[in-house]
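Right, one structure below, let's go through it.
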Amino acid sequence: WAKNPHELRKKFLSSIAPHIFGMMDIKDACSLSLFSDWNWGLDPRNVIDRSSIHVLLFGDPGIAKSQIIKDVVYIAPKGKFGQVVNMSRGGLSTVAVQEKGEWFVKSGFFSQADQGVAGLDEIDKVKDPKDLDCLVSVLNDQIQLVSKIGKNDIPFNTRTAVLGAANPKGGHLKASEDIIEQIQSTIPSYIFQRFDLIFAIPDNPDEAKDSIVADTVNERYRTRIINRKNIKREIPVELLQKYILYARTKSLPDIELSAQKLIKEFYLKIRKVSKEYPVIGARQLEDLNRMAIAIARREMSPKVTEDHVKYAIGLMKASQATWSSGDDYGMYNYGRTKSQAEQVNSIRTAIKDICVKESYARIEDIAFTSGMDLIQVEHTIILMEKNKEVYHVAGGYRLPQ
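Under the UniProt record's numbering, the sequence shown has 189 at position 189, and the numbering climbs by one with no breaks.
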């Protein structure tokens with residue numbers, strides 16, 4: 001269907017959620033999950049680096065986050081979509097249950113999506129934040145271990161690319177507040193920083209865009225497109241699925257030395273932004289390699305070239321631009337930007353100094369010792385406590401032992 005890689009990408013991306021106007025960077029990022037399967041056939045306990053590409057969409061309600069994820073799951077040869085609001089902890093993770101004296105293992109959402117794409121919506125609606133802890137092993141290790149009394153842990157594979165969606169607390173992104181702090185207040189940093197790409201999506205008024213969106217929605221209702229299989233696409237779903245499956249049969253593309261050099265140059269350039277607080281780490285090297293390989297696989301290219309790496313870097317920059325500025329990729333590395341990392345370090349140092357003589361550090365003393373604004377300290381402490389970097393005692397705070 002295409003004469004060159006550019007035309008192929010254009011047709012492929014035009015076939016993903018075509019009933020949703022724009023948001024091409026997001027559709028592009030989510031589509032890479034369909035080609036991130038090269039380690040799915042292996043025992044995850046023996047895998048050094050996962051292949052699955054995870055994407056998080058965080059933003060205002062009603063901007064089609066769920067619709068895009070649903071469509072990618074629909075296109076995937078194997079996919080599963082679910083909403084956290086309808087799940088218990090046992091629904092998310094595989095658990096052992098006892099009934100009438102006998103033990104049974106209940107398959108969870110992610111193990112059911114093994115070797116496929118898992119779309120997880122309404123992450124912000126989780127009843128107990130601890131219910132999300134299972135995401136750490138799913139996103140990072142692609143496996144869940146089920147403990148049963150008197151037995152060894154039972155492994156369940158969760159080799160799945162996760163596409164997640166969440167709304168900010170309070171319903172909408174607040175332009176006057178730090179976007180990363182809004183993400184952290186909804187999803188713990190030790191979870192969201194394991195996503196390869198994160199997009200913060202506000203619903204800002206734009207007359208030209210809003211006019212096209214209105215026309216698109218009205219046309220959908222006029223033509224009565226109420227079934228996903230009736231959506232008009234550049235490439236029919238059946239052919240898309242055959243293409244994806246065929247692309248997966250191809251050998252893993254070799255990464256050209258010039259492509260690896262480009263990744264290294266980008267990495268070193270961003271690392272130079274700050275020696276004290278590196279705003280990019282080895283995890284982002286893995287992300288870029290994964291994305292470049294998936295982009296090459298999407299084109300059935302036998303090699304990962306400089307063009308594929310440039311494309312991957314472009315996607316990473318497009319993601320980063322939605323929640324930060326300049327070359328600050330710190331959220332991927334630490335779950336926070338460089339400026340936030342500096343604030344955390346100042347607070348940590350202040351607490352350590354205060355607790356040399358005192359049993360705990362009061363907020364006011366932390367602000368005085370660190371030279372930070374009191375409100376700034378309060379906001380940062382809340383996030384640090386949530387990330388278990390400090391703990392609260394009667395009257396103040398201490399660092400973990």
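Cβ coordinates follow ideal geometry from the N, Cα and C atoms, glycine included.
If I follow the unbroken alpha helix (DSSP H) through V309, where does it start and stop? 306–320
Just the Cα atoms here: how many angstroms apart are S251 and G281? 29 angstroms
Going by the DSSP bridge assignment, what does P155 pair with across the sheet? L145
DSSP has Q83 in a bridge; who is on the other side? D121
Proximity of V84 and V126 at Cβ, strictly below 8 angstroms: yes
With a 10 Å radius around its C-beta and 16 neighbouring C-beta atoms as the bar for buried, classify D215 as buried or exposed. exposed
With H, G and I counted as helix, E and B as strand and the rest as coil, what does DSSP make of L252? coil
Nearest-angstrom Cα distance between C355 and V344? 16 angstroms
Among residues of its own chain, excluding the 5 on either side of A247, which ones have a beta-carbon nearer than 8 angstroms to its beta-carbon? F35, R297, R298, M300
So the beta strand (DSSP E) F109 belongs to, where does it begin and stop? That residue, F109, is in no beta strand (DSSP E); its alpha helix (DSSP H) goes 109–112.
Contact set for D254: own chain, Cβ-Cβ below 8 angstroms, skip 5 residues either direction: P302, K303, V304
Pull up the DSSP beta-bridge partners for A361, would you. Y397
Under 8 angstroms between C-beta atoms of A199 and T322: What sits at residue 199 in the sequence shown is Phe, not Ala. Closer than 8 angstroms, so yes.
Going by DSSP in three states, K386 sits in which element: helix, strand or coil? helix
Can you round the beta-carbon distance between I201 and L135 to whole angstroms, since I take them to be within the 8 angstroms contact cut? Contact flag wrong, Cβ pair sits at about 20 angstroms.
In its own chain, which residues sit with a C-beta less than 7 angstroms from the C-beta of E286, not counting the 5 before and 5 after it? D49
With a Cβ-Cβ cutoff of 8 angstroms, do E181 and H392 count as a contact? no
Ends of the beta strand (DSSP E) at residue 402? Residue 402 lies beyond the residue range present for the chain, which begins at 1 and ends at 401; the question has no answer from this structure.
Could you compute how far the alpha carbon of A350 sits from the alpha carbon of P129? 29 angstroms
DSSP three-state call for F368: helix, strand or coil? helix
Give me the residue from A341, I179, Q284, P18 with the minimum Cα distance to residue 418. With the chain covering only 1 through 401, there is no way to say anything about residue 418.
Below 8 angstroms between beta carbons: does that hold for L32 and A294? yes
Within 10 angstroms of the Cβ of M24, are there 16 or more other Cβ atoms? Answer buried if so, exposed if not. exposed
Going by CA-CA distance only, name the one from N39, L120, V72 that's closest to L13. V72
Can you check DSSP and say which residues form a bridge with I198? L56
If we ignore side chains and look at the alpha-carbon of each, how far apart do N157 and N387 end up? 27 angstroms
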